[in-house]
Amino acid sequence: MSVVIFLALGAILLIVAEFFVPGGVLGFIGSIMGIIAAVMCFHLFGVRTGLYFVFGLFLFVTLMVAILVTVGHKLPFKKSLYLSSTTQNANVSLDYLASLVGKDGTALTMLRPSGRISIDGKRYDAQSEGIYVDKGTTVKVLRIENNHLIIRPKSSEQEE
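Letter by letter, the sequence shown follows residues 1 to 160 in UniProt numbering.
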């Protein structure tokens with residue numbers, strides 16, 4: 001009897017632990033332990049007790065999962081359970097990058113065709129329009145594509 005109880009408790013703990021350590025391994029092992037406990041219960045105590053055990057185990061696991069899903073966001077360690085980021089930060093970043101269009105900067109690395117530039121003392125990922133730009137060259141931001149500043153050397157802009 002005690003083996004069945006330990007297997008059932010282990011199964012419940014591992015299935016609930018799956019919420020804290022995602023990946024499926026703990027939940028899978030817990031499910032296997034629950035099945036083994038149910039088979040042992042059927043074998044040791046008969047069909048009626050085995051069915052009660054399976055129903056009780058299913059009900060308890062379902063109840064624990066429901067509680068974690070509904071009340072889990074209020075737990076003090078919720079940051080490890082739920083992703084709570086929003087896309088507002090991404091929009092602010094794009095708006096900020098858009099404000100750099102038309103500004104001048106300096107190439108911190110050689111752009112072949114991508115590299116790093118500095119505008120007003122801050123570093124940014126940048127990409128030239130397919131040409132190599134030497135380190136230290138003054139560049140102008142033309143547009144934004146895929147969170148990269150598209151730049152052109154200031155000297156080639158004056159030639160056109």
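C-beta: ideal position from N, C-alpha, C; glycine also.
Residue environment analysis places T106 among the exposed positions, since fewer than 16 neighbouring C-beta atoms fall within 10 angstroms of its C-beta.
Residue pairing for T106: DSSP places it in a beta bridge opposite S118 and T138.
Boundaries of the beta strand (DSSP E) harbouring R152: H148 to P153, taken from the DSSP string.
Y132 carries a coil assignment under DSSP once its states are collapsed to helix, strand and coil.
In this structure, G56 is the residue among G56, P153 and M110 with its C-alpha nearest to the C-alpha of A8. A contact is defined here as three or more CB-CB pairs under 8 Å, and the segment 34-49 meets this definition with respect to the segment 3-19. With respect to T138, D104 sits close: the two C-beta atoms are nearer than 8 Å.
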